[in-house]
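Student: Supplied in structure tokens, the structure appears directly below.
Chains as they are written, first to last, in our numbering: chain A, 169 to 481; chain B, 202 to 282.
Below you can see the structure in the form of structure tokens.
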């Protein structure tokens with residue numbers, strides 16, 4: 169519902185609304201995906217699905233490519249050394265791998281399956297963390313400033329489209345939904361690998377109850393299967409969107425006060441006294457949230473996989 | 202964790218941190234499962250309502266179902282041990 173709301177507002181631009189500052193519209197315009205009528209790259213519609221690249225898809229590809237290239241290059245360079253001593257970025261990467269393996273994977277999935285599920289959990293963590301963190305860096309906003317004052321790109325050009333605010337791809341429900349679908353499937357795969365296909369589904373419900381209870385319990389358990397990944401989806405996307413909205417809302421006080429007293433001095437005063445310090449504080453909080461959300465997603469995926477492996481009633 | 206690390210304070214605190222995580226993980230997930238179930242079932246009910254034009258019956262039963270599923274997940278986690 170919220171995603172629909174966002175999409176409805178996306179095509180309208182805040183700057184064009186008769187000179188009056190509309191905080192809600194500006195914020196929604198900033199955090200939402202670009203509308204399908206203004207995609208970054210036009211691609212044909214295949215089988216009823218529009219494959220045009222929007223802001224969030226572009227960010228997603230950017231993050232995925234960056235993570236893939238950086239991690240692969242680092243590890244290739246590390247393996248080429250004569251003595252396997254990690255240096256520089258490899259040190260950090262190694263610490264991260266060890267942290268995920270020892271404090272997320274091992275306690276939840278158990279020693280037997282650690283090497284099977286650590287790669288998946290690491291991929292989750294590194295990707296989500298990078299996507300969240302890049303969303304905090306105003307890459308495209310800086311590019312937009314440069315464009316505004318120096319380059320003056322054509323309104324229809326790729327550059328002019330891309331600088332309509334940077335975005336966090338993990339703030340889109342579709343991205344987190346896809347990630348949670350991977351978790352959902354890996355729960356089934358984990359249970360099947362550990363107990364066999366039929367036994368995994370039988371493990372879902374408690375054993376040894378009167379048969380009328382099963383008529384009630386089986387649908388509830390099946391619903392519960394979908395609820396867990398759904399909660400993962402909502403939490404990650406909502407957290408990433410929420411932080412951005414909070415920062416933008418506080419910063420828009422400057423413009424609201426300027427308009428209210430119709431002089432720039434009031435706005436600047438409020439900005440210096442309230443908005444900027446608060447926004448800095450929330451940005452600092454966001455850095456923690458970025459880490460914690462990546463961690464929580466990884467941890468809960470590990471917990472769910474572990475619950476499918478170690479069934480106890 | 203290897204044997205010779207055991208005395209170090211940092212290693213010990215990391216160990217207890219891991220233990221806390223291991224125990225709090227399922228409980229942390231269930232809080233979200235409760236609200237997630239209500240949102241998911243309620244949303245599905247709302248979608249069915251606006252599709253079939255039967256407001257508010259699917260929404261109400263969806264919410265009820267969501268509450269049942271959410272509390273069932275909660276109860277299952279709490280009474281596990």
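Beta carbons: idealized from backbone N, C-alpha and C, even for Gly.
1) Measuring alpha carbon to alpha carbon, tell me which of A/416, A/373 and A/406 ends up nearest residue 384 of chain A.
2) For my contact list, residue 239 of chain A and residue 261 of chain A are in at a C-beta cut-off of 8 angstroms; report their separation, rounded to the angstrom.
3) Identify every residue that forms a DSSP beta bridge with residue 209 of chain A.
4) Would residue 399 of chain A and residue 233 of chain B be called neighbours here (beta carbons separated by less than 8 angstroms)?
5) Quick one: residues in its chain with C-beta nearer than 8 angstroms to the C-beta of residue 423 of chain A, no 5 flanking neighbours on either side, listed in chain order?
6) What runs of the alpha helix (DSSP H), each 4 residues or longer, lie entirely inside the region 386 to 454 of chain A?
7) Going along the chain, which residues of its own chain have a beta-carbon closer than 8 angstroms to the beta-carbon of residue 247 of chain B, five neighbours each way excluded?
8) Does the Cβ of residue 214 of chain B have 16 or more other Cβ atoms within 10 Å, making it buried, or fewer, making it exposed?
9) For residue 220 of chain A, decide whether its Cβ has a neighbour in chain B, counting only Cβ atoms nearer than 8 angstroms.
10) Run the CB neighbour count on residue 460 of chain A, radius 10 Å, all protein chains shown included, and call it buried at 16 or more, exposed below.
11) Check the Cβ of residue 196 of chain B against every Cβ in chain A and list those closer than 7 angstroms, keeping chain order.
12) For residue 318 of chain A and chain B, any beta-carbon pair shorter than 8 angstroms?
13) I'd like to know if residue 391 of chain A contacts chain B, where contact means its C-beta is closer than 8 angstroms to some C-beta of that chain.
14) Which of helix, strand or coil does DSSP assign to residue 278 of chain A?
15) I need the DSSP call for residue 375 of chain A, collapsed to helix, strand or coil.
16) Can you tell which of A/462, A/455, A/241 and A/269 has its C-alpha closest to the C-alpha of residue 256 of chain A?
17) Might you give, ordered along the chain, the residues of its own chain that have their beta carbon closer than 8 angstroms to the beta carbon of residue 257 of chain B, omitting 5 neighbours on each side?
18) Which chain A residues are close to residue 276 of chain B, counting only those with a beta carbon under 7 angstroms from its beta carbon?
19) Could you work out which residue in A/412, A/244 and A/286 is closest to residue 351 of chain A when comparing CA atoms only?
20) Quick check: the Cα distance between residue 292 of chain B and residue 237 of chain A, rounded to an integer number of angstroms?
21) Between the beta-carbon of residue 292 of chain A and the beta-carbon of residue 401 of chain A, is there less than 8 angstroms?
22) Locate the alpha helix (DSSP H) running through residue 260 of chain A, then write down its first and last residues.
23) Going along the chain, which residues of its own chain have a beta-carbon closer than 7 angstroms to the beta-carbon of residue 171 of chain A, five neighbours each way excluded?
24) From the beta carbon of residue 227 of chain B, is the nearest beta carbon of chain A less than 8 angstroms away?
25) What would DSSP say about residue 368 of chain A, mapped onto helix, strand or coil?
26) Is residue 169 of chain A close to chain B, meaning its C-beta is less than 8 angstroms from at least one C-beta of that chain?
27) For residue 478 of chain A, would you say it is in contact with chain B, using Cβ-to-Cβ distances shorter than 8 angstroms as the test?
28) For a quick check, are the C-beta atoms of residue 462 of chain A and residue 296 of chain A less than 8 angstroms apart?
29) Does chain A have any CB closer than 8 angstroms to the CB of residue 265 of chain B?
30) Examine chain A for any beta-carbon lying closer than 8 angstroms to the beta-carbon of residue 260 of chain B, and answer yes or no.
31) Check whether the region 360 to 375 of chain A and the region 245 to 253 of chain A are in contact - that is, three or more C-beta pairs closer than 8 angstroms.
32) Which residues in the same chain have their Cβ closer than 7 angstroms to the Cβ of residue 268 of chain B, if we skip the five residues on either side of it in sequence?
33) Just the Cα atoms here: how many angstroms apart are residue 276 of chain A and residue 418 of chain A?
34) When you compare only the Cα positions, how much space is there between residue 475 of chain A and residue 375 of chain A?
35) Among A/304, A/458 and A/290, which has the Cα closest to the Cα of residue 266 of chain A?
36) Going by DSSP in three states, residue 280 of chain B sits in which element: helix, strand or coil?
Tutor: So, to answer that:
1) A check of alpha carbon separations from residue 384 of chain A across A/416, A/373 and A/406 identifies A/373 as the nearest.
2) The pair is a contact, with the Cβ atoms about 7 angstroms apart (cut-off 8 angstroms).
3) Its beta-bridge partners are A/221.
4) Yes. Within cutoff.
5) Same-chain partners within the cutoff: 189, 191 and 435.
6) With a minimum length of 4 residues, the continuous alpha helix (DSSP H) runs that stay inside the region 386 to 454 of chain A are 421 to 429 and 432 to 438.
7) The beta carbon of residue 247 of chain B sits closer than 8 angstroms to the beta carbons of 259, 260 and 263 from its chain, once the five residues preceding and following it are set aside; these are given in chain order.
8) Exposed, by the Cβ-count rule.
9) With 8 angstroms as the cut-off, residue 220 of chain A does not count as an interface residue toward chain B.
10) Exposed, because fewer than 16 other Cβ atoms sit within 10 Å of the Cβ of residue 460 of chain A.
11) It is not possible to answer for residue 196 of chain B, since the shown part of chain B is limited to 202 through 282.
12) Not closer than 8 angstroms to any Cβ of chain B, the Cβ of residue 318 of chain A fails to qualify, so no.
13) It does: the Cβ of residue 391 of chain A has a partner Cβ on chain B nearer than 8 angstroms.
14) If DSSP states are grouped into helix, strand and coil, residue 278 of chain A belongs with coil.
15) Of the three classes helix, strand and coil, the one that applies to residue 375 of chain A here is coil, per DSSP.
16) Answer by Cα proximity: A/241.
17) For residue 257 of chain B, same chain residues with a beta-carbon under 8 angstroms away, outside a window of 5 residues either side, are 250 in chain order.
18) Result: empty, since nearest Cβ-Cβ is about 11 angstroms, beyond 7 angstroms.
19) The option with the nearest alpha carbon to residue 351 of chain A is A/286.
20) Because chain B here runs from 202 to 282, residue 292 of chain B falls outside it and cannot be looked at.
21) With a cutoff of 8 angstroms on beta-carbon distance, residue 292 of chain A and residue 401 of chain A are scored as not near each other.
22) Looking at the DSSP string, the run of the alpha helix (DSSP H) that includes residue 260 of chain A is 257 to 267.
23) Only weak support exists for where residue 171 of chain A lies, its pLDDT of 39 falling under 50; the value from the coordinates is given anyway. Answer for residue 171 of chain A: 341, listed in chain order.
24) It does; some Cβ of chain A falls within 8 angstroms.
25) Looking at residue 368 of chain A - three-state DSSP - the assignment turns out to be helix.
26) Note that residue 169 of chain A scores 35 on pLDDT, short of 50, meaning its location in the model is unreliable; the coordinates nonetheless yield the value given after this. For residue 169 of chain A, the closest Cβ of chain B is nearer than 8 angstroms.
27) Not one chain B Cβ lies under 8 angstroms of residue 478 of chain A.
28) Yes, Cβ-Cβ distance for residue 462 of chain A and residue 296 of chain A is below 8 angstroms.
29) Output row for residue 265 of chain B: interface = no.
30) Cβ-Cβ to chain A under 8 angstroms: no for residue 260 of chain B.
31) By the criterion of at least three beta-carbon pairs nearer than 8 angstroms, the region 360 to 375 of chain A is not in contact with the region 245 to 253 of chain A.
32) Sequence-distant Cβ neighbours of residue 268 of chain B in its own chain, meaning closer than 7 angstroms and more than five residues away, are 239.
33) So the alpha carbons of these two residues sit roughly 40 angstroms apart.
34) Rounded to the nearest angstrom, the two C-alpha atoms are 16 angstroms apart.
35) Nearest of A/304, A/458 and A/290 to residue 266 of chain A, Cα basis: A/290.
36) Here residue 280 of chain B sits in coil by DSSP.
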